[in-house]
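Colleague:
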Amino acid sequence: MDEARPITKESEMPKAFDPQAIEAGWYARWEADGLFVADPFTDKKTFTMCFPPPNITGELHMGHALQTAIYDLLARYKRMAGYEVLFLPGYDHAAIATQNVIEKQLAREGTTKEELGRAQFDARVDAWYEEVGATIINQLRQEGASMDWTRLRFTMDSRYYRSVMTAFVAFYEKGWIYRAPRIVNWCPHDRSAISDLEVEWQEHQDTLYFIKYQLEGGGDVTIATVRPETMLADTGMAVNPDDGRYKDLIGKTAVLPLVGRRLPIVGDDAVEKEFGTGALKVTPGHDALDYEIGQRHGL
1044 MDEARPITKE SEMPKAFDPQ AIEAGWYARW EADGLFVADP FTDKKTFTMC FPPPNITGEL
1104 HMGHALQTAI YDLLARYKRM AGYEVLFLPG YDHAAIATQN VIEKQLAREG TTKEELGRAQ
1164 FDARVDAWYE EVGATIINQL RQEGASMDWT RLRFTMDSRY YRSVMTAFVA FYEKGWIYRA
1224 PRIVNWCPHD RSAISDLEVE WQEHQDTLYF IKYQLEGGGD VTIATVRPET MLADTGMAVN
1284 PDDGRYKDLI GKTAVLPLVG RRLPIVGDDA VEKEFGTGAL KVTPGHDALD YEIGQRHGL
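For the sequence shown, our numbering assigns the number 1044 to the initial residue and increments by one for each residue that follows.
Right, dumping it as structure tokens:
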């Protein structure tokens, strides 16, 4: 990098501002001077901040740029306030999201991950990590992020992986992590359970069916549902305990139409008073909310 020269009366002013040239020169100087490298043995007050690792599914976008600017502002402010600052950079493997990106590439090439085999597919993913990871790092540098690049982390690097596995095993042994039956988001394409964050919800116009359930001892209560076919799996009925229309029904029993099965009526705050009739049939095998209500009330 050329040494920065002071502007004098004899200096020729550029006709247009070139931000890339200016920014690249300054950032290279900051790095060369080690301004962003945190000293673990400092006597100063310390401030540590982990940059939320972006998914390694492609290039960073304007949302990342805004987030980076906000975090960098905090890091630089703390340095100016006399703190020893560690602004930790990193990027995330993105799991199924990255796998989907690679599978789309393979589809354009006329092949699949099954045809490639596990070893070749893993190698393809590793190559993607190298390529896109380098792009993300370069983008963060271009944004001027004052990160300590000597401590760059990747959520699949060996040290990080060992730390996660060690913690996972410890949590499992303490009973904090356990396996139990539960409704999950299942992707038939990936043949895997996926988290709520990876689900893209779609809105549909549907028919709301109103079904009358008889009550033991006389009377009835009407529920509303878009899935009447699941009623044969009902294990109970729930109402909001603050709903004056139904709170007197709590503890009573409804009768499932067609088969005559007895359904306990429980009170639960999760029931939306404004949806449908305000009374909810509980079908734990077909709905995550119903499953949670069933767990709380033993239905």
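C-beta: ideal position from N, C-alpha, C; glycine also.
From the DSSP output, which residues share a beta bridge with I1065?
Modeller: Paired residue(s): none; I1065 is not in a bridge.
Colleague: Unbroken beta strand (DSSP E) runs of length 3 or more, entirely within the stretch 1268-1318: which are they?
Modeller: Within the stretch 1268-1318, the complete beta strand (DSSP E) runs of at least 3 residues are 1279-1282, 1296-1298, 1305-1310.
Colleague: Look at the alpha carbon of W1192 and the alpha carbon of A1118, and state the distance between them as a whole number of angstroms.
Modeller: Their backbone Cα atoms lie some 14 Å apart in a straight line.
Colleague: Measure the C-alpha to C-alpha separation of D1115 and H1107 and round it to an integer number of angstroms.
Modeller: Straight-line Cα distance between these residues: approximately 12 Å.
Colleague: Cutting at 6 Å between CB atoms, please list the residues of its own chain near I1050, excluding the five before and the five after it.
Modeller: Since pLDDT at I1050 reaches only 49, below the 50 mark, its modelled position is unreliable, and no value is offered.
Colleague: In terms of DSSP beta bridges, what is G1133 paired with?
Modeller: In the DSSP output, where bridge partners are listed per residue, G1133 has R1196.
Colleague: In three-state terms, what does DSSP make of Q1110?
Modeller: DSSP places Q1110 in helix when its eight states are reduced to three.
Colleague: Which residue wins for smallest C-alpha separation from H1357, given the options E1259, V1269, E1066, H1232?
Modeller: This structure leaves residue 1357 out entirely; the chain is present only between 1044 and 1342.
Colleague: Could you give the residue range of the beta strand (DSSP E) that holds A1322?
Modeller: Residues 1322-1325.
Colleague: Our contact map puts V1144 next to A1081 with C-beta atoms below 8 Å; I'd like the distance itself, whole angstroms only.
Modeller: About 33 Å; that fails the 8 Å criterion.
Colleague: The beta strand (DSSP E) that contains L1091, what's its start and end?
Modeller: In the sequence under discussion, the amino acid at residue 1091 is Thr, which differs from the Leu named in the question. That run of the beta strand (DSSP E) goes 1089-1093.
Colleague: Work out the CA separation of I1139 and S1238 for me, nearest whole Å.
Modeller: About 10 Å.
Colleague: Helix, strand or coil: how does DSSP classify R1339 here?
Modeller: In the structure shown, R1339 sits in a helix (DSSP, three-state: H, G or I).
Colleague: Would the beta-carbon of G1187 fall within 8 Å of that of Y1070?
Modeller: Contact flag set, yes.
Colleague: Kindly give me the distance between the Cβ atoms of K1088 and Y1120, rounded to whole angstroms, as I take these residues to be in contact under 8 Å.
Modeller: Contact flag wrong, Cβ pair sits at about 13 Å.
Colleague: Go through the stretch 1182-1243 residue by residue and report every complete run of the beta strand (DSSP E) that reaches 3 residues or more, in order.
Modeller: List check, beta strand (DSSP E) in window: 1228-1230, 1235-1237.
Colleague: For L1131, I'd like the list of residues in its chain whose CB is within less than 8 Å of its CB, leaving aside the five on either flank, ordered along the chain.
Modeller: So the qualifying residues of the chain are T1091, M1092, C1093, F1094, M1190, D1191, R1194, R1196.
Colleague: Alpha carbon to alpha carbon, how far is R1288 from V1325? Give it in angstroms, no decimals.
Modeller: The straight-line gap from Cα to Cα measures roughly 18 Å.
Colleague: Alpha carbon to alpha carbon, how far is V1264 from R1339?
Modeller: Distance between the alpha carbons of V1264 and R1339: 22 Å.
Colleague: Is P1307 near L1342, with beta carbons less than 8 Å apart?
Modeller: Result yes, Cβ atoms of P1307 and L1342 sit closer than 8 Å.
Colleague: So, R1222 versus Y1334, is the Cβ gap smaller than 8 Å?
Modeller: Against a cut-off of 8 Å, the Cβ pair of Y1334 and R1222 comes out as no contact.
Colleague: Check whether the stretch 1203-1214 touches the stretch 1308-1323, taking contact to mean three or more Cβ pairs, one atom from each stretch, closer than 8 Å.
Modeller: Taking 8 Å as the limit for Cβ pairs, the verdict is that the stretch 1308-1323 does not touch the stretch 1203-1214.
Colleague: Taking L1258 as the reference, which of D1076, H1232, R1304 has the closest Cα?
Modeller: Checked all of D1076, H1232, R1304; the closest Cα to L1258 is R1304.
Colleague: Please name the residue, chosen from G1133, A1150, S1235, that lies closest to M1199 on a Cα-to-Cα basis.
Modeller: Of the candidates G1133, A1150, S1235, the one whose C-alpha sits nearest the C-alpha of M1199 is G1133.
Colleague: Have a look at I1099 and E1216 and give me their C-alpha separation to the nearest angstrom.
Modeller: Between I1099 and E1216, the C-alpha separation is close to 32 Å.
Colleague: Which of helix, strand or coil does DSSP assign to Q1163?
Modeller: Helix at Q1163.
Colleague: Under 8 Å between the Cβ atoms of G1328 and D1286?
Modeller: It is not a contact, given that the beta carbons lie outside the stated cut-off.
Colleague: In whole angstroms, give me the CA-to-CA distance for K1290 and V1242.
Modeller: Going by the C-alpha atoms only, they are around 35 Å apart.
Colleague: Straight-line CA distance for T1273 to V1302?
Modeller: Answer to the nearest angstrom: the Cα atoms are 13 Å apart.
Colleague: Just list the residues that DSSP pairs I1266 with in beta bridges.
Modeller: Per DSSP, I1254.
Colleague: For I1254 and G1319, I'd like the C-alpha separation in whole angstroms.
Modeller: If you take the alpha carbons of I1254 and G1319, they lie about 11 Å apart.
Colleague: Can you tell me whether Y1204 is buried or exposed? The criterion is at least 16 other CB atoms within 10 Å of its CB, across all chains shown.
Modeller: So Y1204 counts as exposed.
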